[in-house]
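Peer 1: Take this structure first; my questions come after.
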Amino acid sequence: MSLARERPGVLFLAVALASLVLRAVYLLYLHPLASFRGPRRAALSEWWLYSVAKTGRPEEILEQLHRKYNTRALRIGPNELHLSDSTLYHTVYSQGHSFAKHAHFYDAFGTVPSLFLERDRDRHRQRRKALGRFFSKASIRGMQRLLSAKVEALCDLISAKANEGPVNFYNAARCMTVDIISDLSLGQSFNLMDDAKANDFAADYLHVFNLVAESIWDFMYIPLARRAAGMIPPALAAWIGGPVSHFARFMKVIRSTVARFKHAKATGKPFEHEVVLEALSELPDEEMVIEAVDLLVAGSDTTATTLAVALHQLARNQQAHTALENEIRQAKLETAADYDLTSLEQLPYLSACVKEALRFAMAVPGRLPRVVPPPRPGAGPLTVDGQVIPPGTVVGISAYTVHFDEKIWGADAREFRPERWLEPGAKELDKYLVTFSKGVRQCLGINLAYAELTLALAMLTARFDFTPDDTMSKEDVEVIDNFTAGFRGSGPRLKFSNL
Ligand code: HEM
7 MSLARERPGV LFLAVALASL VLRAVYLLYL HPLASFRGPR RAALSEWWLY
57 SVAKTGRPEE ILEQLHRKYN TRALRIGPNE LHLSDSTLYH TVYSQGHSFA
107 KHAHFYDAFG TVPSLFLERD RDRHRQRRKA LGRFFSKASI RGMQRLLSAK
157 VEALCDLISA KANEGPVNFY NAARCMTVDI ISDLSLGQSF NLMDDAKAND
207 FAADYLHVFN LVAESIWDFM YIPLARRAAG MIPPALAAWI GGPVSHFARF
257 MKVIRSTVAR FKHAKATGKP FEHEVVLEAL SELPDEEMVI EAVDLLVAGS
307 DTTATTLAVA LHQLARNQQA HTALENEIRQ AKLETAADYD LTSLEQLPYL
357 SACVKEALRF AMAVPGRLPR VVPPPRPGAG PLTVDGQVIP PGTVVGISAY
407 TVHFDEKIWG ADAREFRPER WLEPGAKELD KYLVTFSKGV RQCLGINLAY
457 AELTLALAML TARFDFTPDD TMSKEDVEVI DNFTAGFRGS GPRLKFSNL
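All residue numbers in the sequence shown are consecutive under the working numbering, ending with 505.
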């Protein structure tokens, strides 16, 4: 009693220390995950996971730890496990909605529930239905002219710049994918390709995507950071300058496009083609804005990274490059009209290159955390190596784990080898191509991504020879994970010559 009155600070510290010690004892010895192996620091707090994420290469670190602790269910947080058993992928990411997205992880992406963030089963289904029609295979085929016009514009730009030295192909691909998704979603292309003055294709808007990517782990593990960022008024953002002001401008453009869309709809003036906003027109303005932002972010760098990795690998792998070139030449693709998606999809080597690029580049390489549901009648509990994973545990399996699993792909799992998709039994491999995740929350943009990759690989191979820029460093092409993959340095730079 007297200590509380005379030295309240000391008492407070003693209580705080005791509760920390008690919490540590609970987490290490009494928690339902106490028997799962992993670093002690991981069991004690989420800061360990934050520090691992910030290295940019969390998947490699987790892979080493699975080996070190000799477990396929590694404890990576107080209540989280990373699983390295590829056969469980379809259980965790299933057609049923039973494994829900983990709120704490996904809150980093925003607070307004977009399709990507919605956790309510029925609301997600409704939104998915509304948007799904637009991104169906048939609908994407219907947009083929728009897509090939954009790929052709990229080829023309590269052709014009080919004599000026190597091209930053990663940025070039990003400009193209942003132009495509902005046109499809908003009915108004950002025209980044038109703004690209030099061979580095360093359009201002790409800084916005860099900013989103670079902040994601801070926003995830430091909630205060995301709240503070959300409160920056536009005038202050403009004053801060750099990527923050680009982001404010980006939001302004989207808000005014949504307003313009609503006005055009009310006055009966249609857009040149059907746009995604149409499917969302019943939503409140802010939800429309956030959905458009999500589509722009989800539908640009992901495809661009995959395309950049594909071209870089083909530039390094003469055998694969020649095989693709021969197939494209024999297909006699002379005018833009010959680049018909249905016909291109029949070209086996091209299709193998697209799949191998999706496997090897894995534009979303990491774990997608889900919460283990309570057991359902008739279904057994989630079990790894004989250990039952308690309901309420957060679990995730990385695409990196599945795509580099030698039991599935063989000893050359870490090599870019399109031929693996043409060998006997290759059909079985489709199941383990998890780039877009699987089940009810799998990517909405699969058909669009496949179409862009197919058209771009075909057109670029038909028009150019390309080789790596020999001034590129290892760091330039080192892939890092900011939820979506990016590069530590410039990304692939390639020398193009017209064929
Ligand atoms: C190679 C390119 C792409 C890759 C690798 C990719 C990957 C993924 C992955 C792994 C998810 C699941 C994320 C999670 O569960 O947290 C996802 C969801 C999503 N993707 Fe993609 N994506 C790509 C292209 C696109 C494109 C072009 C669009 C544009 C429409 C798009 C829009 C979305 C949306 C809206 C979701 C949320 C779906 C839902 O929760 O129902 N993605 N994507």
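Where a beta carbon is used, it is the ideal one built from N, C-alpha and C, also for glycine. Source: prediction; values computed, not measured.
When DSSP builds the beta bridges, which residues end up paired with PHE4?
Peer 2: Any answer about residue 4 is impossible in this case: the structure gives the chain only from 7 up to 505.
Peer 1: Find out if the Cβ-Cβ distance for the pair ASP189, MET199 is shorter than 8 Å.
Peer 2: No. Outside cutoff.
Peer 1: Output the distance between the C-alpha atoms of ARG469 and GLU158, rounded to the nearest integer angstrom.
Peer 2: Between ARG469 and GLU158, the C-alpha separation is close to 10 Å.
Peer 1: Taking its Cβ as the centre, do 16 or more other Cβ atoms sit within 10 Å of SER90, making it buried, or is it exposed?
Peer 2: Buried: at least 16 other Cβ atoms inside 10 Å.
Peer 1: For ASP482, count neighbouring C-beta atoms within 10 Å of its own C-beta (all shown protein chains included) and say buried if the count is 16 or more, exposed if not.
Peer 2: Looking at its Cβ environment, which holds 16 or more other Cβ atoms inside 10 Å, ASP482 is buried.
Peer 1: Is the Cβ-Cβ distance between ASN205 and GLY497 less than 8 Å?
Peer 2: Not closer than 8 Å, so no.
Peer 1: Just to confirm, does ARG134 get its C-beta within under 7 Å of one of the non-hydrogen atoms of ligand 1?
Peer 2: The answer is yes for ARG134.
Peer 1: Nearer than 7 Å: is that true of the beta carbon of SER443 relative to any heavy atom of ligand 1?
Peer 2: At least one heavy atom of ligand 1 is nearer than 7 Å to the Cβ of SER443, so yes.
Peer 1: Pull up the distance between the alpha-carbon of ARG129 and that of TYR112, whole angstroms please.
Peer 2: One C-alpha to the other measures close to 17 Å.
Peer 1: I think LEU121 touches ARG133, with their Cβ atoms under 8 Å apart; what is that distance to the nearest whole Å?
Peer 2: About 5 Å separates the two Cβ atoms, so the contact holds.
Peer 1: Exposed or buried, what is ALA491 when buried is set at 16 or more other beta-carbons lying within 10 Å of its beta-carbon?
Peer 2: So ALA491 counts as buried.
Peer 1: Going by C-alpha distance, which of LYS413, GLU297 and PHE422 is nearest CYS359?
Peer 2: For CYS359, the nearest C-alpha among the options comes from PHE422.
Peer 1: So, for SER195: in the same chain, excluding its five sequence neighbours on each side, which residues have a beta-carbon less than 6 Å away from its beta-carbon?
Peer 2: ASP185, SER188 and ASP189.
Peer 1: For ILE403 and LEU374, what's the separation of their Cα atoms in angstroms?
Peer 2: Each residue's Cα considered, the two are about 7 Å apart.
Peer 1: Is SER191 helix, strand or coil by DSSP?
Peer 2: Here SER191 sits in helix by DSSP.
Peer 1: Give the straight-line distance between the Cα atoms of GLY416 and TYR406, rounded to the nearest whole angstrom.
Peer 2: Approximately 15 Å, taken between the alpha carbons.
Peer 1: Going by alpha carbons, who is nearest to PRO290 out of PHE105, LEU28, PRO119 and PHE366?
Peer 2: Nearest C-alpha to PRO290: PRO119.
Peer 1: At a cut of 8 Å, does the stretch 312-328 reach the stretch 286-303 through at least three beta carbon pairs?
Peer 2: With a cut-off of 8 Å, the stretch 286-303 and the stretch 312-328 do not count as touching, because too few Cβ pairs lie within range.
Peer 1: Please confirm whether any heavy atom of ligand 1 lies closer than 7 Å to the CB of ASP300.
Peer 2: Under cutoff, so the answer is yes.
Peer 1: Could you spell out the range, first to last residue, of the alpha helix (DSSP H) harbouring ALA457?
Peer 2: First-last of the alpha helix (DSSP H) with ALA457: 452-469.
Peer 1: Please determine if the stretch 443-451 and the stretch 91-107 are in contact, where contact requires at least 3 C-beta pairs separated by less than 8 Å.
Peer 2: Short answer: they touch.
Peer 1: Please name the residue, chosen from PHE472, LYS143, ILE260 and PRO45, that lies closest to GLN319 on a Cα-to-Cα basis.
Peer 2: Closest option to GLN319, Cα to Cα, is PHE472.
Peer 1: To the nearest angstrom, how far is it from the Cα of ALA22 to the Cα of ASP436?
Peer 2: Between ALA22 and ASP436, the C-alpha separation is close to 52 Å.
Peer 1: From PRO84, LEU17 and ALA10, pick the residue whose C-alpha is nearest to that of LEU36; which is it?
Peer 2: Comparing Cα positions, the closest option is PRO84.
Peer 1: How would you write the range of the beta strand (DSSP E) that ALA114 sits in, first residue to last?
Peer 2: Here ALA114 belongs to no beta strand (DSSP E), and DSSP marks it neither H nor E.
Peer 1: With 16 as the cutoff for other CB atoms within 10 Å, does VAL315 come out buried or exposed?
Peer 2: Answer is buried; the Cβ neighbour count reaches 16.
Peer 1: Should LEU439 and LEU364 be called a contact, given that it needs their Cβ atoms to be closer than 8 Å?
Peer 2: Yes. Within cutoff.
Peer 1: Assuming HIS88 is part of the beta strand (DSSP E), what are its boundary residues?
Peer 2: 86-89 is the extent of the beta strand (DSSP E) around HIS88.
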